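In the working numbering, the protein residues as written are -9 to 254. Just so it is clear, CB atoms sit at the ideal spot from N, CA and C, and this is done for glycine as well. Treat the numbers as computed from the prediction; the structure is a model and nothing was measured. Written below as structure tokens is the structure these notes are about.
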Amino acid sequence: MKIKWLFLFAIIMMLTPTTIYAEQQSPMEKLDDISDEALQMVKFHRYEDAKRLLDYFSEQFTSIAGTDQPLTMDEVRIINTSHDEAVEAAVSSNMKYEERINKLVKFRLVIDAIATNHQPLWVEMEDQIMTAFHQAKDAAKKGDSGHFHTNFNSFLSLYNVIYPSMKIDVSVENVQKLDARIDFINEYRSQVVNNSKSQQELDKLDTDLVNLFSKMEEDEADPNIWWVIISTGSIIIMTLSYVGWRKYQGDKNLKKDRSRDLKD
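This is how it looks when you write it as structure tokens:
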């Protein structure tokens, strides 16, 4: 009976760490939720509600800044800039719907990058960004200037959405390398389309972008998950050891009893 209760206790302990972790939410994670709610409001054209949420975000951010986790001056500046753009998108009567969405997505990605230690949301835009870039690259190889400009503009628009959050997670050196490559292609567009040697910059940028996303997608397990695995493994080992010890003791006592019976 004791062994059954021990197994039940082990199962409860296996489930408890993940449950406790799920219920613990840092102030920055709460701000992340607010940014997501603001984005949803804009998606449904509820701009006044989005503005109220963004104002609430500002109040909460001011009250917790520096208390949850230390933020660098650059991170604070990026948050404030993206927040201002999000507010502009919520209150502007002339801004197109797609542009509103882009500004709210940009803000959402920034807060997620601050709140998340692994697998940031901006990485999930890889397919869209790489598709636009590859279409521009193919058009340049074919000498199709019109399609190159259209697709490269789409690439720049999408890249601009992830750029602030990317700067939070990527080293300054890598960001500057990407900036230099993109600025060159953008400034010398006609040369890139008409000159095969200049098109090598597209190949180099392709490699840089692939490396960027690949590095971010390297699966580094959440430390909390490792804690759960280690603690669960320890409980299982202890349980099995205890069961084995009880079985050994039972067999030992049984042999003693049989020995007594034989002597008697």
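Practice item. Compare the C-beta of residue 34 against all C-beta atoms of chain C and say whether one is closer than 9 Å. Key: You won't find chain C in this structure, because it holds only one protein chain.
Point to revise | The alpha helix (DSSP H) enclosing residue 208, as first and last residue numbers | key: Within the sequence shown, numbered from 1, the residue matching residue 208 stands at position 218. Counting along the chain, residue 208 falls outside any alpha helix (DSSP H), and DSSP gives it neither H nor E.
Check your understanding: Taking the alpha carbon of residue 181 as the point to measure from, which residue in 202, 139, 162, 54 has its own alpha carbon closest?
Key -> Looking up residue 181 in the sequence shown gives position 191. Among 202, 139, 162, 54, the Cα nearest to that of residue 181 is on 139.
Point to revise | Sequence-distant residues of its chain with Cβ nearer than 8 Å to residue 133 (five each side left out) | key: To locate residue 133, count along the sequence shown from 1; it is residue 143. Around residue 133: 183, 184.
Point to revise | Helix, strand or coil at residue 164 [DSSP, three-state] | key: The count along the sequence shown starts at 1 and reaches residue 164 at position 174. Note: residue 164 maps to helix in three-state DSSP.
Check your understanding: Just curious, the alpha helix (DSSP H) that residue 73 is in, first and last residue?
Key -> What you label residue 73 is simply residue 83 of the sequence shown in a count that begins at 1. Where residue 73 is concerned, the enclosing alpha helix (DSSP H) stretches over 63 to 81.
Exercise for review: Quick one: using the 10 Å Cβ neighbour count with 16 as the cut-off for buried, is residue 81 buried or exposed?
Suggested key: As a working mapping, residue 81 is identified with position 91 in the sequence shown. Residue 81 is exposed by the Cβ-count criterion.
Review point. Closest to residue 47 by CA distance: which of 61, 77, 60, 164 is it?
Key: Here the question's residue 47 lines up with position 57 in the sequence shown. Comparing Cα positions, the closest option is 77.
Check your understanding: Under three-state DSSP, which class holds residue 26?
Key -> Here residue 26 corresponds to residue number 36 of the sequence shown, with the count starting at 1. Three-state DSSP puts residue 26 in a helix.
Exercise for review: Might you give, ordered along the chain, the residues of its own chain that have their beta carbon closer than 8 Å to the beta carbon of residue 69, omitting 5 neighbours on each side?
Suggested key: Here residue 69 refers to the residue found at position 79 when the sequence shown is read from its first residue. Cβ neighbours of residue 69 beyond the five flanking positions: 51, 61, 100, 101, 104.
**Study point:** the region 111 to 130 touching the region 140 to 149, judged by at least three CB pairs closer than 8 Å
**Key:** yes
Exercise for review: Grab the span of the alpha helix (DSSP H) containing residue 150 for me, first residue to last.
Suggested key: The residue you call residue 150 lines up with position 160 of the sequence shown. Element bounds for residue 150: 135 to 159.
Review point. In this structure, does DSSP put residue 36 in helix, strand or coil?
Key: The count along the sequence shown starts at 1 and reaches residue 36 at position 46. Three-state DSSP puts residue 36 in coil, outside helix and strand.
Practice item. Since I believe residue 202 is in contact with residue 164 (beta carbons under 8 Å), could you give me their beta-carbon distance rounded to a whole number of angstroms? Key: Taking the sequence shown and counting its residues from 1, the one referred to as residue 164 is at position 174. Taking the sequence shown and counting its residues from 1, the one referred to as residue 202 is at position 212. Confirmed, about 7 Å.
Exercise for review: Return the CA-CA distance between residue 206 and residue 157, expressed in angstroms with no decimal places.
Suggested key: Reading the sequence shown from its first residue, position 216 is the one you call residue 206. Reading the sequence shown from its first residue, position 167 is the one you call residue 157. So the alpha carbons of these two residues sit roughly 12 Å apart.
Check your understanding: Around the C-beta of residue 98, are 16 or more other C-beta atoms found within 10 angstroms, so that it is buried, or is it exposed?
Key -> Locating residue 98 in the sequence shown gives position 108, counting from the first residue. Flag for residue 98 reads buried.
Check your understanding: Is residue 17 helix, strand or coil by DSSP?
Key -> In the sequence shown, the residue the question calls residue 17 occupies position 27. Three-state result, residue 17: helix.
Practice item. Write down every uninterrupted run of the alpha helix (DSSP H) in the region 176 to 201 whose length is 4 residues or greater and which is fully enclosed by it, in chain order. Key: 179 to 184
Review point. From residue 141 to residue 84, what does the alpha carbon distance come to, in whole angstroms?
Key: Within the sequence shown, residue 141 is the residue found at index 151, counting from 1. Within the sequence shown, residue 84 is the residue found at index 94, counting from 1. Cα to Cα, residue 141 sits roughly 25 Å from residue 84.
Check your understanding: Can you tell which of 144, 93, 63 has its C-alpha closest to the C-alpha of residue 25?
Key -> Reading the sequence shown from its first residue, position 35 is the one you call residue 25. The candidate whose alpha carbon is nearest that of residue 25 is 93.
Exercise for review: Could you say which of 17, 40, 43 lies nearest to residue 53 if we only look at CA atoms?
Suggested key: To locate residue 53, count along the sequence shown from 1; it is residue 63. Among 17, 40, 43, the Cα nearest to that of residue 53 is on 17.
Practice item. Determine the direct distance from the alpha carbon of residue 186 to that of residue 40, and round the result to whole angstroms. Key: Within the sequence shown, the letter at position 50 stands for residue 40. Within the sequence shown, the letter at position 196 stands for residue 186. So the alpha carbons of these two residues sit roughly 48 Å apart.
Review point. Can you tell which of 127, 29, 109, 175 has the C-alpha that lies nearest to the C-alpha of residue 91?
Key: Within the sequence shown, residue 91 is the residue found at index 101, counting from 1. Of 127, 29, 109, 175, the residue nearest in Cα terms is 29.
Check your understanding: Taking the alpha helix (DSSP H) that residue 88 falls in, what are its first and last residues?
Key -> Here residue 88 refers to the residue found at position 98 of the sequence shown. Residue 88 -> alpha helix (DSSP H) spans 87 to 105.
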